[in-house]
Amino acid sequence: MPKPQKSASDSLLLQADVLVLGGGPSAAWAAVAAAEASAKVVLADKGYLGTSGATAPSNTGTWCVPPGDNRHAVVERRWQRTGDLADPRWMLRCVDTAYRNLLRLSEWGYPFPSEDDGRLYIANLRGPDYMRFMRRRVLLAGVTVLDHHPALELLSDGDAIVGAAGVARQIGQDWRVDANAVVLATGGCAFRERILGATGLTGDGYLMAAEAGASLSGMEFTGKYTLAPYGSSLNKGLPFRWASFHREDGSPIVGPTGEPLRNGIGDREEEVARALIDGPVYARLDQAEPALQGWLRQGQPNCFVPYDRAGIDPFSELFRITLRAEGTVRGTGGIDIVSDDCATGVPGLYVAGDAASREIMTGAVSGGGAVNSSWALASGWWAGKGASTHAKRRTGKAFRTEVQSLGQAGLRPASSPRVDISAGEVIEAVRSEVTPLDKNFFRTGEGLEKSGERLESVWRDVRDHLQGDGLDRVRTREAASIAAAGRWSVAAALHRTESRGMHRRTDLPGKSPAFAHRLVITGVDAFRIAGAPERLAELAS
Amino acid sequence: MIEIVSATRCVECDICVKVCPANVFDATESGVPVIARQEDCQTCFLCEIYCPTDALYVAEFAEGPTGITEAQADARQLFGSYARALGWKRGKAGGSEFDPTHRIRVAQ
Ligand SMILES: Cc1cc2nc3c(=O)[nH]c(=O)nc-3n(C[C@H](O)[C@H](O)[C@H](O)COP(=O)(O)OP(=O)(O)OC[C@H]3O[C@@H](n4cnc5c(N)ncnc54)[C@H](O)[C@@H]3O)c2cc1C
Ligand code: SF4
Ligand code: SF4
Chain A
1 MPKPQKSASD
11 SLLLQADVLV
21 LGGGPSAAWA
31 AVAAAEASAK
41 VVLADKGYLG
51 TSGATAPSNT
61 GTWCVPPGDN
71 RHAVVERRWQ
81 RTGDLADPRW
91 MLRCVDTAYR
101 NLLRLSEWGY
111 PFPSEDDGRL
121 YIANLRGPDY
131 MRFMRRRVLL
141 AGVTVLDHHP
151 ALELLSDGDA
161 IVGAAGVARQ
171 IGQDWRVDAN
181 AVVLATGGCA
191 FRERILGATG
201 LTGDGYLMAA
211 EAGASLSGME
221 FTGKYTLAPY
231 GSSLNKGLPF
241 RWASFHREDG
251 SPIVGPTGEP
261 LRNGIGDREE
271 EVARALIDGP
281 VYARLDQAEP
291 ALQGWLRQGQ
301 PNCFVPYDRA
311 GIDPFSELFR
321 ITLRAEGTVR
331 GTGGIDIVSD
341 DCATGVPGLY
351 VAGDAASREI
361 MTGAVSGGGA
371 VNSSWALASG
381 WWAGKGASTH
391 AKRRTGKAFR
401 TEVQSLGQAG
411 LRPASSPRVD
421 ISAGEVIEAV
431 RSEVTPLDKN
441 FFRTGEGLEK
451 SGERLESVWR
461 DVRDHLQGDG
471 LDRVRTREAA
481 SIAAAGRWSV
491 AAALHRTESR
501 GMHRRTDLPG
511 KSPAFAHRLV
521 ITGVDAFRIA
531 GAPERLAELA
541 S
Chain B
1 MIEIVSATRC
11 VECDICVKVC
21 PANVFDATES
31 GVPVIARQED
41 CQTCFLCEIY
51 CPTDALYVAE
61 FAEGPTGITE
71 AQADARQLFG
81 SYARALGWKR
91 GKAGGSEFDP
101 THRIRVAQ
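Protein chains in written order, with full-length UniProt numbering: chain A, 1 to 541; chain B, 1 to 108.
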């Protein structure tokens, strides 16, 4: 166990082989994997390892594909749905490692439910139970866990990433961890939408990685929205698989064939989105048989909390609904991975889970509902191993005293700080470009141009003037991260002059063969967008 | 959003202060934690299930407080209702082995 020391400036100072930033499943798996490889590991989370992140409040289905001949066929079928952007090799690796880790959970004694024949059903992980269990495993592995220790920035020695710094928000003290490798497992960016687990999901890792020189990809794929009871945080689509949908005047919402919708998820979200742009929409879960009603209630209890508390019977009464924006959480964008060990291309910096681009796994469509949680299980493992291997190679090198703090926007403004530019207003300004259905679910070149201009001006204010002190730095840094993610997302969406998956350009419907490749973004203030030509070459061969 | 810390139920263990991922509560000298940053609440209901005495109530509306009172929540037996639905008791995990989600997936 590393011993905490107080440095002269009264901040907490630790040393580790591997520092993991985040407290969701990918952080937990990265920490366990690195500790198993005998690395000294510190995990620092913005929230509390066990409750924070998108998994803990949810109930996640995994992409659980047992080994065997069928595996290739299952992967191939899923690949067909990814808008040609996913990479079957990564998909196969992922199901393999995720399956092993699901078995590991069962060996460790995680209380999985059983099927009728008595076999354990390992394809589903109930969020609160799973993440509480993972906390125990992380602690058992000897990892030092720092809860409520948001990271603000990465540290570099000029050649490699050598740690991170942040603030212990319940103590009001700065912290710094010197480490031979860092894993970013900081989750996606939900643009401050009030969805499950999203308060802390502000894309901090994207900004930190980009400042260090890493690239991003898939940032245009932020057009995923999920149904929820109006005003609630319950962005879980599953119960709406068995629902009917109605406008204010009671008329049913119809699908592409002219028949009333009886399933509101998947592609049918489009009809609901169109109706929601026109006015309020109501739903009723009236397509669920009584037995299914019972399973839904028992298996997805949080979905029913809003109804029960509002005094509504959702199976027989109409209730108002909304589509919640999900940014990159159920979108696919994130930090670009350059090798099998989840390296970012910046020496010493690794990435896992939603912080990474999931384009290689799920292309232009959402990985919510199965792929993302398996990806967290697998990428966490690889990143933890990759980081510990890198750390071992560096062991013996003394930490250089000359360490550069890489944080810019929201911490060290380029010009004079201005108090009239607040984190809250920055976030609202970004939200008004990247969350409305008529701007981001359905996109047009003209609309994106306007959003792009507004976001440029928000970004300039952030870059030049936004600054916080003490604990406020967490908020200014979150606002800067949200502004950066929104700006990248709109720029990439403008660049992709076609429609593909959740990127729906109403002015350019249909896929263009010229865009059957990923878009990679490099740079923070001045950034460039380039196609990833290796995919084109691969597809051709 | 989190709306109620019931002073009559709370045993002042400060678990909610520790586990809330959004850092919504502050511990106090006098004992019962206070809701210090309600605006940050992500309506995840997790503090409720970690509380050993079902002393917390999170209302369903995520955009702002509803104004529900302790007496109203009590009369409708809403304290601890999410923990009961999951099978968690007195802040301890339980019930995942009875999760029938696989049946839903088959029906889907
Ligand atoms: C409602 C809902 C339901 C879902 N259901 C499914 C499903 O059924 N199947 C499926 O495959 N996927 C599902 N997903 C997606 C899945 O939950 C995510 O893919 C998964 O949680 C990603 O894990 P992660 O560890 O990468 O990120 P998260 O679990 O989101 O964790 C990110 C962590 O980073 C921390 N963090 C953020 N910034 C900082 C910082 N600056 N410093 C330190 N720590 C920081 C946060 O506190 C958090 O602990 C669902 C998502 C939601 C929202
Ligand atoms: S967890 Fe419950 S009992 Fe403990 S301090 Fe919070 S409200 Fe009180
Ligand atoms: S509902 Fe979630 S975010 Fe809100 S106070 Fe409880 S634990 Fe914190």
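We put the CB at the ideal spot given by N, CA and C, even for glycine. These numbers come from a predicted model, not from an experiment.
Sub-8 Å separation of A/A185 and A/V162 beta-carbons: Within the first sequence, the letter at position 185 stands for residue 185 of chain A. Within the first sequence, the letter at position 162 stands for residue 162 of chain A. At a Cβ-Cβ threshold of 8 Å, A/A185 and A/V162 do not count as neighbours.
- request: Would you tell me roughly how many angstroms separate the C-alpha atoms of A/W382 and A/D336, rounded to the nearest one?
  value: The residue labelled residue 382 of chain A in the question sits at position 382 within the first sequence. The residue labelled residue 336 of chain A in the question sits at position 336 within the first sequence. Those two C-alpha atoms are separated by around 15 Å.
field: Exercise answer, beta-carbon shell around ligand 3 heavy atoms below 5 Å
entry: Of all residues, those with a beta-carbon under 5 Å from at least one heavy atom of ligand 3 are B/I2, B/C20, B/A22, B/V24, B/C41, B/Q42, B/C44, B/L46, B/C47, B/V58, reported in chain order.
task: Just jot down, in chain order, the residues whose CB lies closer than 6 Å to any heavy atom of ligand 2.
output: B/V5, B/C10, B/V11, B/E12, B/C13, B/D14, B/I15, B/C16, B/P33, B/C51, B/P52, B/T53, B/A55, B/L56
message: If we define contact as Cβ-Cβ less than 8 Å, is B/V19 a contact residue for chain A?
response: For this step, residue 19 of chain B is matched to residue 19 along the second sequence. Yes, B/V19 counts as interfacial toward chain A.
message: Is there a C-beta anywhere in chain B that falls below 8 Å from the one on A/V281?
response: Position 281 of the first sequence, counting from 1, holds the residue named residue 281 of chain A. A/V281 does not count as touching chain B.
field: Straight-line Cα distance separating A/C64 from B/I104
entry: Stepping through the second sequence from its first residue, residue 104 of chain B is reached at position 104. Stepping through the first sequence from its first residue, residue 64 of chain A is reached at position 64. B/I104 and A/C64: Cα-Cα distance of roughly 16 Å.
- prompt: Taking one C-beta from the region 74 to 89 of chain B and one from the region 98 to 112 of chain A each time, how about it: are there three or more such pairs within less than 8 Å?
  reply: no
For A/L411 and A/R477, believed in contact at Cβ under 8 Å, the rounded distance: The residue you call residue 477 of chain A lines up with position 477 of the first sequence. The residue you call residue 411 of chain A lines up with position 411 of the first sequence. Yes, they are in contact, since the Cβ atoms of A/R477 and A/L411 sit about 6 Å apart, within 8 Å.
message: Suppose the cutoff is 6 Å on Cβ atoms and the five residues either side in sequence are ignored; what does the same chain contact list for A/S366 look like?
response: Residue mapping note: residue 366 of chain A aligns to position 366 of the first sequence, counting from 1. Counting only Cβ-Cβ distances below 6 Å, and skipping sequence neighbours, we find K224, R330.
- prompt: So, using beta-carbon positions, are A/S217 and A/G333 closer together than 8 Å?
  reply: Numbered from 1 along the first sequence, position 217 holds the residue referred to as residue 217 of chain A. Numbered from 1 along the first sequence, position 333 holds the residue referred to as residue 333 of chain A. Yes.
message: When you measure from the CB of A/N372 to every non-hydrogen atom of ligand 1, does any distance come out below 7 Å?
response: Numbered from its first residue, the first sequence carries residue 372 of chain A at position 372. Yes, since a heavy atom of ligand 1 falls inside the 7 Å radius drawn around the Cβ of A/N372.
query: Just to check, is the beta-carbon of A/G22 closer than 7 Å to a non-hydrogen atom of ligand 1?
result: Position 22 of the first sequence holds residue 22 of chain A. Yes, since a heavy atom of ligand 1 falls inside the 7 Å radius drawn around the Cβ of A/G22.
message: 8 Å is my cut-off, CB to CB: does B/S81 come that close to chain A?
response: Position 81 of the second sequence, counted from the first residue, corresponds to residue 81 of chain B. Interface annotation, B/S81: in contact with chain A, CB-CB separation under 8 Å.
query: Could you give the C-beta distance for A/V430 and A/L455, rounded to a whole number, given that I count them as a contact under 8 Å?
result: As a position in the first sequence, residue 430 of chain A is number 430, starting the count at 1. As a position in the first sequence, residue 455 of chain A is number 455, starting the count at 1. Their Cβ separation, rounded to whole angstroms, is 7 Å, which keeps A/V430 and A/L455 in contact under 8 Å.
- prompt: Per DSSP, what kind of secondary structure is A/R194 in: helix, strand or coil?
  reply: Along the first sequence, one-based indexing puts residue 194 of chain A at 194. Coil at A/R194, not helix or strand.
query: Quick one: does B/D99 have its CB under 8 Å from some CB of chain A?
result: Translated into positions along the second sequence, residue 99 of chain B becomes position 99. By this cut-off, B/D99 is an interface position.
message: Would the region 510 to 524 of chain A count as touching the region 17 to 35 of chain B if we require 3 or more Cβ pairs under 8 Å?
response: No, the region 510 to 524 of chain A does not touch the region 17 to 35 of chain B.
query: Of all the options A/G127, A/G188, A/E193, A/Y206, which has the alpha carbon lying nearest to the alpha carbon of A/A409?
result: Locating residue 409 of chain A in the first sequence gives position 409, where the first residue counts as 1. That would be A/Y206, whose Cα lies nearest to the Cα of A/A409.
message: If we define contact as Cβ-Cβ less than 8 Å, is A/W295 a contact residue for chain B?
response: Translated into positions along the first sequence, residue 295 of chain A becomes position 295. Yes, because at least one Cβ of chain B sits closer than 8 Å to the Cβ of A/W295.
message: Closer than 8 Å is the cut-off here; do at least three beta carbon pairs connect the region 348 to 364 of chain A with the region 311 to 319 of chain A?
response: no
- request: Confirm the yes/no value for this check: CB of A/L455, any heavy atom of ligand 1, distance under 7 Å.
  value: Within the first sequence, numbered from 1, the residue matching residue 455 of chain A stands at position 455. It does not: the Cβ of A/L455 is nowhere closer than 7 Å to a heavy atom of ligand 1.
task: Determine the chain B residues that contact A/S422 at a beta-carbon separation under 8 Å, and present them in chain order.
output: To locate residue 422 of chain A, count along the first sequence from 1; it is residue 422. The contacting residues do not exist; A/S422 stays about 13 Å from chain B at best.
message: Under 7 Å: does the beta carbon of A/T62 sit that close to some heavy atom of ligand 1?
response: Counting from one through the first sequence, the residue named residue 62 of chain A turns up at place 62. It does: the Cβ of A/T62 is within 7 Å (strictly closer) of some heavy atom of ligand 1.
- prompt: Taking 7 Å as the cut-off, does the CB of A/N235 come closer than this to any heavy atom belonging to ligand 1?
  reply: Position 235 of the first sequence, counted from the start, is the residue given in the question as residue 235 of chain A. For ligand 1, at least one heavy atom lies less than 7 Å from the Cβ of A/N235.
- prompt: According to DSSP, what are the bridge partners of A/I321?
  reply: Within the first sequence, the letter at position 321 stands for residue 321 of chain A. Note: A/I321 sits in a beta bridge opposite A/P229, A/V281.
message: For A/I265, which residues in the same chain have their Cβ closer than 6 Å to its Cβ, ignoring the five residues on either side in sequence?
response: Residue mapping note: residue 265 of chain A aligns to position 265 of the first sequence, counting from 1. G237, F240, R241, listed in sequence order.
- request: Grab me the residues of A/R496's own chain with a C-beta within less than 7 Å of its C-beta, minus the 5 sequence neighbours each way, in chain order.
  value: Translated into positions along the first sequence, residue 496 of chain A becomes position 496. Here the set comprises E220, H503, F515, L519.
- prompt: Would you call B/E63 buried or exposed, if buried means 16 or more other Cβ atoms sit within 10 Å of its Cβ?
  reply: Position 63 of the second sequence, counted from the first residue, corresponds to residue 63 of chain B. Flag for B/E63 reads exposed.
query: Going straight from the alpha carbon of A/M1 to that of A/A168, what length do you get?
result: The sequence position of residue 1 of chain A within the first sequence is 1, counting from 1. The sequence position of residue 168 of chain A within the first sequence is 168, counting from 1. Its pLDDT being 41, under 50, A/M1 is placed unreliably in this model, and the coordinates cannot settle the point.
Cβ-Cβ separation, A/S58 to A/G213 (assumed contact under 8 Å), whole Å: For the purposes of this step, residue 213 of chain A is taken as residue 213 along the first sequence, with counting starting at 1. For the purposes of this step, residue 58 of chain A is taken as residue 58 along the first sequence, with counting starting at 1. Not a contact, Cβ separation roughly 33 Å.
query: Would A/H149 be called buried (16 or more neighbouring beta carbons within 10 Å of its own) or exposed?
result: If you number the first sequence from 1, residue 149 of chain A lands on position 149. A/H149 is buried by the Cβ-count criterion.
- prompt: If you count every other CB in all the chains shown that lies within 10 Å of the CB of A/K46, and 16 or more means buried, which is it?
  reply: Counted from its first residue, the first sequence places residue 46 of chain A at position 46. Looking at its Cβ environment, which holds 16 or more other Cβ atoms inside 10 Å, A/K46 is buried.
message: Using 8 Å as the threshold, is the C-beta distance between B/L56 and B/I4 below it?
response: Within the second sequence, the letter at position 56 stands for residue 56 of chain B. Within the second sequence, the letter at position 4 stands for residue 4 of chain B. Contact: yes.
task: Could you tell me how far apart the beta carbons of A/V183 and A/L21 are, in whole angstroms, since I believe they sit closer than 8 Å?
output: Position 183 of the first sequence holds residue 183 of chain A. Position 21 of the first sequence holds residue 21 of chain A. 7 Å between Cβ atoms; contact.
message: Could you check whether A/A165 and A/D174 sit closer than 8 Å to each other, using their CB atoms as the reference points?
response: As a working note, residue 174 of chain A is residue 174 in the first sequence. As a working note, residue 165 of chain A is residue 165 in the first sequence. In this structure, A/A165 lies closer than 8 Å to A/D174 by Cβ.
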